[in-house]
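Before any comments, here is the structure.
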Amino acid sequence: MKRYVEHVMGMPISLALRGRHTDDELAAQAWADALDVLHTADRIFSTYRADSHISRLNRGELTVADCPPEVAEVLRLGERARLESGGAFDVRRAGVLDPSGVVKGWAVERAAAAFERLAGTDYCLSAGGDLICRVTGPESEAWRIGIEDPFDPEKIAAIVPIRNGAVATSGLHRRGPHITDARNGETPTALASVTVIHRSLTHADIDATTAFALGPDGPAWLHARPNRTGLAILVDGTRQIIGQTDRLSSRSR
Amino acid sequence: MTAVKRIVLWLLGTVSAVVLMFGYHTSTSGPEAAVTPIAGGEGADSNSAPSTPTTTPSTTPSATPSASSGSSTVTGDVAQTQWGPVQVQLTVQGGKITAVNVLQYPNGNHRDVEINDYALPILIDETVKAQNAQIDMVSGATVTSDGYIRSLQSALDQAK
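Chains as they are written, first to last, in this note's numbering: chain L, 1 to 253; chain H, 1001 to 1160.
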């Protein structure tokens, strides 16, 4: 196994490759392409950059029609998440657009496409703890993903073996309060962390943030979502596995 | 020999963890969901253990993972939960779990649960140290580049 790390958008991007192309020119090119996708997303969406399309939208210098089509795509995802969360998830706060809650998972999912070109190569790509796993053959071992213990980041609370799928975790313990319930602007306090496992990192990431924002209602909300499994860790340390085992019998990809 | 023993012991811990996991799952449907169990059920493979609880897990066909490509299966005890018996079988390859078969559910159905896209998290006992857990990557609340230096992921990235 070969590992790579770079920092983009203030986040560590970790890659693990195993199989045919781990340390050759093809692998290096795929890694460069993936990082390029993330840098491009940062240039378009960052609220920290005055010249990003999002910043210019917020200043009224542009309309969505003037922006790259990715902006409309991300805003559509954000609107869908707002409706499906009863307003707890919202890319607009007091009229100001901040689609960060959508962009991260979405951008990493797009970046991971670079590794699909590597024949016979399994990959696991993580951006600050949200990750995508792929294996190329039915005999390949699952990637073993540790879910961080929100009360002790040196330890893990659970392991999820993932062959093809995405894992996203939301919580407050790393950065302090950066998630708020958009319905009332308050920081949720019922949950220590929420992890969502789904085929798509875009949707796993949105759902993890939403469930966290919903606080005490988060686990039940997540349980009702189709084709998701997950782990909710409450502030009292209680751990709830979310997901119906019935769904696991499907082997379709 | 010690290594093999350690792997088996680790697996036994995992078997209990998986049982706990399903124990939790069944609890969500409430005690009234209990149905008479059918050991193994239709379609169960010939390795299915009898529903009689055993004190030590049986291993089939061998608990020793072979040198390179071989896989082995470990069948856990039948755990008697208040909703009925639960039994799982793990397939292990190179010291890692590649599949979980649930031989018995409280509802009596045999299910072949292969870990794939929608795998459930396997809860680990509090006493298990992360470094013993053989993990490839860590999922946690957003790690910034500042916080990364002391993180578990950072240690993993430097491992190879």
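Note that beta-carbon positions come from the ideal geometry of N, C-alpha and C, so glycine has one too.
Give the straight-line distance between the Cα atoms of residue i and residue j, rounded to the nearest whole angstrom.
{"i": "Leu1072 of chain H", "j": "Glu141 of chain L", "result": "This sequence places Ser at residue 1072 of chain H; Leu is not what is there. Approximately 14 Å between the Cα atoms of the pair."}
{"i": "Glu148 of chain L", "j": "Glu109 of chain L", "result": "21 Å"}
{"i": "Leu118 of chain L", "j": "Ile132 of chain L", "result": "15 Å"}
{"i": "Asn164 of chain L", "j": "Ala208 of chain L", "result": "18 Å"}
{"i": "Leu222 of chain L", "j": "Ile242 of chain L", "result": "7 Å"}
{"i": "Val196 of chain L", "j": "Thr121 of chain L", "result": "25 Å"}
{"i": "Leu172 of chain L", "j": "Ala213 of chain L", "result": "11 Å"}
{"i": "Gly237 of chain L", "j": "Arg59 of chain L", "result": "43 Å"}
{"i": "Pro1031 of chain H", "j": "Ala224 of chain L", "result": "Below a pLDDT of 50, predicted positions are generally treated as unreliable, and Pro1031 of chain H, at 33, falls in that range; the measurement from the model is reported next regardless. Looking at the two C-alpha atoms, the distance is approximately 21 Å."}
{"i": "Pro150 of chain L", "j": "Ala127 of chain L", "result": "18 Å"}
{"i": "Arg20 of chain L", "j": "Glu79 of chain L", "result": "41 Å"}
{"i": "Asp98 of chain L", "j": "Ile54 of chain L", "result": "8 Å"}
{"i": "Ala158 of chain L", "j": "Met1 of chain L", "result": "22 Å"}
{"i": "Ala34 of chain L", "j": "Leu125 of chain L", "result": "10 Å"}
{"i": "Glu25 of chain L", "j": "Pro219 of chain L", "result": "44 Å"}
{"i": "Leu180 of chain L", "j": "Ala107 of chain L", "result": "According to the sequence displayed, residue 180 of chain L carries Thr and not Leu. Roughly 22 Å between the two C-alpha positions."}
{"i": "Thr187 of chain L", "j": "Glu61 of chain L", "result": "32 Å"}
{"i": "Met1137 of chain H", "j": "Ser52 of chain L", "result": "31 Å"}
{"i": "Phe45 of chain L", "j": "Gly105 of chain L", "result": "13 Å"}
{"i": "Leu201 of chain L", "j": "Gly101 of chain L", "result": "12 Å"}
{"i": "Ser1151 of chain H", "j": "Gly10 of chain L", "result": "15 Å"}
{"i": "Val96 of chain L", "j": "Gln1153 of chain H", "result": "34 Å"}
{"i": "Thr136 of chain L", "j": "Gly1070 of chain H", "result": "19 Å"}
{"i": "Ile1124 of chain H", "j": "Leu231 of chain L", "result": "12 Å"}
{"i": "Val103 of chain L", "j": "Ala111 of chain L", "result": "12 Å"}
{"i": "Thr1075 of chain H", "j": "Ala50 of chain L", "result": "59 Å"}
{"i": "Ser85 of chain L", "j": "Asp36 of chain L", "result": "32 Å"}
{"i": "Arg134 of chain L", "j": "Val64 of chain L", "result": "34 Å"}
{"i": "Gly185 of chain L", "j": "Asp217 of chain L", "result": "16 Å"}
{"i": "Ile156 of chain L", "j": "Trp143 of chain L", "result": "15 Å"}
{"i": "Leu38 of chain L", "j": "Ala81 of chain L", "result": "22 Å"}
{"i": "Ile1122 of chain H", "j": "Gly87 of chain L", "result": "32 Å"}
{"i": "Tyr4 of chain L", "j": "Glu116 of chain L", "result": "17 Å"}
Given that a residue counts as buried once 16 or more other Cβ atoms are within 10 Å of its Cβ, and exposed if not, what is residue i?
{"i": "Gln1158 of chain H", "result": "exposed"}
{"i": "Tyr48 of chain L", "result": "exposed"}
{"i": "Pro138 of chain L", "result": "exposed"}
{"i": "Pro153 of chain L", "result": "buried"}
{"i": "Ala113 of chain L", "result": "exposed"}
{"i": "Leu83 of chain L", "result": "exposed"}
{"i": "His7 of chain L", "result": "exposed"}
{"i": "Pro161 of chain L", "result": "buried"}
{"i": "Arg43 of chain L", "result": "exposed"}
{"i": "Ala254 of chain L", "result": "With chain L running from 1 to 253 in the structure shown, residue 254 of chain L is simply not present."}
{"i": "Asp129 of chain L", "result": "It should be pointed out that residue 129 of chain L corresponds to Gly in this sequence rather than to Asp. So Gly129 of chain L counts as buried."}
{"i": "Pro1061 of chain H", "result": "Caution is warranted here: a pLDDT of 36 is assigned to Pro1061 of chain H, below 50, making its placement in the model unreliable, and the coordinate value is therefore given only provisionally. Its Cβ having fewer than 16 others within 10 Å, Pro1061 of chain H is exposed."}
{"i": "Gly215 of chain L", "result": "buried"}
{"i": "Ala1155 of chain H", "result": "exposed"}
{"i": "Ala166 of chain L", "result": "buried"}
{"i": "Pro69 of chain L", "result": "exposed"}
{"i": "Pro12 of chain L", "result": "buried"}
{"i": "Thr22 of chain L", "result": "buried"}
{"i": "Gln240 of chain L", "result": "buried"}
{"i": "His203 of chain L", "result": "buried"}
{"i": "Ser193 of chain L", "result": "buried"}
{"i": "Asp66 of chain L", "result": "exposed"}
{"i": "Gly1140 of chain H", "result": "buried"}
{"i": "Thr210 of chain L", "result": "buried"}
{"i": "Leu17 of chain L", "result": "buried"}
{"i": "Ser1068 of chain H", "result": "The predicted model places Ser1068 of chain H with a pLDDT of 41, which falls under 50 and marks its position as unreliable, so this point remains unresolved."}
{"i": "Gly1040 of chain H", "result": "With a pLDDT of only 32 at Gly1040 of chain H, under the threshold of 50, the placement of this residue in the model should not be trusted; the figure read from the coordinates follows. Buried is the call here."}
Could you give the C-beta distance for residue i and residue j, rounded to a whole number, given that I count them as a contact under 8 Å?
{"i": "Trp31 of chain L", "j": "Leu15 of chain L", "result": "6 Å"}
{"i": "Ile145 of chain L", "j": "Ile1135 of chain H", "result": "7 Å"}
{"i": "Val235 of chain L", "j": "Thr189 of chain L", "result": "7 Å"}
{"i": "Leu1120 of chain H", "j": "Thr229 of chain L", "result": "5 Å"}
{"i": "Ser199 of chain L", "j": "Asn227 of chain L", "result": "Here residue 199 of chain L is Arg; the residue named in the question, Ser, does not match the sequence. Right, the Cβ-Cβ distance comes to about 7 Å (below 8 Å), so this counts as a contact."}
Report whether the distance from the Cβ of residue i to the nearest heavy atom of the ligand SAM is below 8 Å.
{"i": "Asp23 of chain L", "result": "As far as ligands go, the structure on display features none, and thus does not contain the ligand SAM."}
Distance cutoff 9 Å, beta carbons only. Does residue i sit that close to anything in chain B?
{"i": "Gly19 of chain L", "result": "Within the model displayed, chain B is absent; protein chains L and H are what it includes."}
Problem - Near-chain H residues of the stretch 89 to 116 of chain L - C-beta to any C-beta below 9 Å - result: Lys104
Exercise for the section: Scan the stretch 154 to 170 of chain L for residues whose Cβ lies nearer than 8 Å to a Cβ of chain H and list them as they occur along the chain. Expected result: Those residues of the stretch 154 to 170 of chain L that come within reach of chain H (Cβ to Cβ, closer than 8 Å) are Glu154, Lys155, Ile156, Ala157, Ala158, Ile159, Val160, Pro161, Ile162, Arg163, Asn164, Gly165, Val167, Ala168, Thr169, Ser170.
Problem - Validate contact between the stretch 90 to 102 of chain L and the stretch 73 to 82 of chain L using beta carbons, cut 8 Å, 3 pairs - result: yes
Problem - Short-range partners of chain H found in the stretch 179 to 202 of chain L, where Cβ spacing is below 8 Å - result: Ser193, Thr195, Ile197, His198, Arg199
Problem - Members of the stretch 51 to 77 of chain L that neighbour chain H once the beta carbon cut-off is set at 9 Å - result: none
Practice task
Anything in the stretch 29 to 48 of chain L with a Cβ closer than 7 Å to a Cβ of chain H? List those residues in chain order, please.
Solution key: none
Exercise for the section: Could you list the residues in the stretch 217 to 233 of chain L with a C-beta less than 9 Å from some C-beta on chain H, going in chain order? Expected result: Here the close residues are His223, Asn227, Arg228, Thr229, Gly230, Leu231.
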